[in-house]
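In the numbering used here, the protein residues as written are 2 to 67. Beta carbons are placed, not taken as given, at the ideal position from N, Cα and C, and that holds for glycine. In this text, all values refer to a predicted model and were calculated from it rather than measured experimentally.
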Amino acid sequence: MAKVTVSLDAELVVEAMVLAGVGNPQDAVELVVRDYIERGHRTEARTATRDEALREVDGKPRNVEG
């Protein structure tokens, strides 16, 4: 896999290290980015499931009263 070098503010990286519970800045930033991506995928999956359920409800023919 290709690698990318990014310069970040030291305080930001230290905060990421504390939150991730790791002592290596590289590992901390990688964990934070991976978690962010996984959350996005979970959100997309929940939204897609809800949208599909709404389509099923809206797609059924309605009985016309009158």
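Query, Result
"For residue 33 and residue 21, the rounded distance between their alpha carbons", "7 Å"
"C-alpha gap between residue 2 and residue 27, whole angstroms", "15 Å"
"The alpha helix (DSSP H) enclosing residue 12, as first and last residue numbers", "11–21"
"Exposure of residue 49, with buried meaning 16 or more beta-carbon neighbours within 10 Å", "exposed"
"Short Cβ contact (9 Å threshold) for residue 14 with residue 29", "yes"
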